[in-house]
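Some notes on the structure that comes next.
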Amino acid sequence: MTGEPRAAEAPRMPDVREIGFADLKAALKDGFADFLAEPLYGLFFAAIFVAGGFVVLGLLIALDMPWMILPFGVGFLLLGPFVAAGLYEVSRCRARGEKPGWRRVLTTVSRQRQRQMSWMAFVILFIFWIWIYQVRLLLALFLGFKSFSSLADFFAVVTTTPEGLGFLLVGTAVGAFLALVLFSSTVIAMPLLLDRELDFVSAMIVSFKAVRKNPGPMLAWGLIVGALTLLALAPTFLGLFIVLPVLGHATWHLFEKVVGSRMGGPATT
1 MTGEPRAAEA PRMPDVREIG FADLKAALKD GFADFLAEPL YGLFFAAIFV AGGFVVLGLL
61 IALDMPWMIL PFGVGFLLLG PFVAAGLYEV SRCRARGEKP GWRRVLTTVS RQRQRQMSWM
121 AFVILFIFWI WIYQVRLLLA LFLGFKSFSS LADFFAVVTT TPEGLGFLLV GTAVGAFLAL
181 VLFSSTVIAM PLLLDRELDF VSAMIVSFKA VRKNPGPMLA WGLIVGALTL LALAPTFLGL
241 FIVLPVLGHA TWHLFEKVVG SRMGGPATT
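The sequence shown: position 205 = 205 (this note's numbering), numbered continuously.
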């Protein structure tokens, strides 16, 4: 032995395995089973998310900005992966055959502030603000300084005028691109950072690799998440009380199929 200190080893990057569409069905089934087994956790975290949505809605109405309700409503969904950290922990406990407890789950969520997931929250918020500002920019470019007295008035303009249709087309394209970037960088990264010690950049790289290796299933998963969430918004956010917990639990099971948690799954290299 030389007595010289050894350099700290870099965290091992996990392997990414191929999955099929059957794995998406299995992940949803397992996610629904987790929600049925431990519904209070899902309802609790969904309530936080829904309450935040009502606060944003109330502020926009109070500020007389009804035309920003839809962009904020869609953009607010970008915060979902971070809110789901507690749901990941519940699913992880059940996969280990352990009973989750409130203290354990809430402590796990609280600890993410000192870990790399807090940086992922910053990435999500950054993309959220890019989304909001590009909406404002496109509003100025296509609709000028028109004012709208209500959300219905805004919808009438964007669906019946050439300028409004242009705003809708370009805004949808830009929004779809930002959503793809965010989805690709977080879908595996968020549960991965909860499960093991890894820097957020490496976790994002693993997430992008997962999407690149499984473009069909992963993009289908993104569409499923987006479609179910938008449908859940229709009854004044109330559908999120079921959809958000199920998708949160299911994302953990999808992560286990793509990468594998420390308790098992594909080996790391």
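Where a beta carbon is used, it is the ideal one built from N, C-alpha and C, also for glycine.
{"Check": "Status (buried if at least 16 other CB within 10 Å, exposed otherwise) for Arg103", "Outcome": "exposed"}
{"Check": "Meets three-Cβ-pair contact criterion under 8 Å: the segment 130–144 and the segment 171–191", "Outcome": "yes"}
{"Check": "Between the CA atoms of Leu60 and Gly260 - distance to the nearest angstrom", "Outcome": "42 Å"}
{"Check": "Test item: CB-CB of Ala27 and Leu254 under 7 Å", "Outcome": "yes"}
{"Check": "Inter-residue spacing [alpha-carbon to alpha-carbon] between Arg196 and Arg12", "Outcome": "10 Å"}
{"Check": "Span of the alpha helix (DSSP H) around Gly97", "Outcome": "Looking at the DSSP string, Gly97 is not in any alpha helix (DSSP H), and its letter there is neither H nor E."}
{"Check": "Status (buried if at least 16 other CB within 10 Å, exposed otherwise) for Gly97", "Outcome": "exposed"}
{"Check": "Straight-line gap, Gly226 to Ala232 (C-alpha atoms, nearest Å)", "Outcome": "10 Å"}
{"Check": "With 16 other Cβ atoms within 10 Å as the buried cut-off, status of Arg92", "Outcome": "buried"}
{"Check": "Which listed residue (Lys257, Val243, Val258, Glu256) has its alpha carbon closest to that of Leu36", "Outcome": "Val243"}
{"Check": "Ala152 versus Thr251: straight-line alpha-carbon distance, rounded", "Outcome": "35 Å"}
{"Check": "Rounded C-alpha distance that separates Leu271 from Leu143", "Outcome": "The chain is shown from 1 up to 269; residue 271 falls before or after that span and cannot be answered."}
{"Check": "Inter-residue Cα distance where the pair is Ala283 and Thr229", "Outcome": "Residue 283 lies beyond the residue range present for the chain, which begins at 1 and ends at 269; the question has no answer from this structure."}
{"Check": "Among Tyr88, Thr108, Glu38, nearest to Lys99 - alpha-carbon criterion", "Outcome": "Glu38"}
{"Check": "Reference Leu194, options Thr172, His249, Ala85, Leu165, closest by Cα", "Outcome": "Ala85"}
{"Check": "Chain-order list of residues whose beta-carbon lies under 8 Å from that of Phe200 (same chain, five-residue window excluded)", "Outcome": "Gln116, Met117, Trp119, Met120, Val123, Ala189, Leu193"}
{"Check": "Sufficient close CB pairs (3 or more, under 8 Å) joining the segment 135–142 to the segment 207–215", "Outcome": "no"}
{"Check": "Of the listed residues Ile19, Leu40, Lys29, nearest to Phe241 (C-alpha basis)", "Outcome": "Leu40"}
{"Check": "Range of the contiguous alpha helix (DSSP H) that encloses Gln134", "Outcome": "117–143"}
{"Check": "Distance between Val16 and Gln114 (C-alpha atoms, nearest Å)", "Outcome": "26 Å"}
{"Check": "Local Cβ density within 10 Å of Phe126, reported as buried at 16 or more and exposed below that", "Outcome": "exposed"}
{"Check": "Contact under 7 Å by Cβ, Gly31 with Val246", "Outcome": "yes"}
{"Check": "Alpha helix (DSSP H) segment containing Ala26, residue limits", "Outcome": "21–37"}
{"Check": "Whether Gly248 touches Leu87 by CB criterion (7 Å)", "Outcome": "yes"}
{"Check": "Buried/exposed call for Ala51, threshold 16 Cβ in 10 Å", "Outcome": "exposed"}
{"Check": "Three-state secondary structure (DSSP) of Val158", "Outcome": "helix"}
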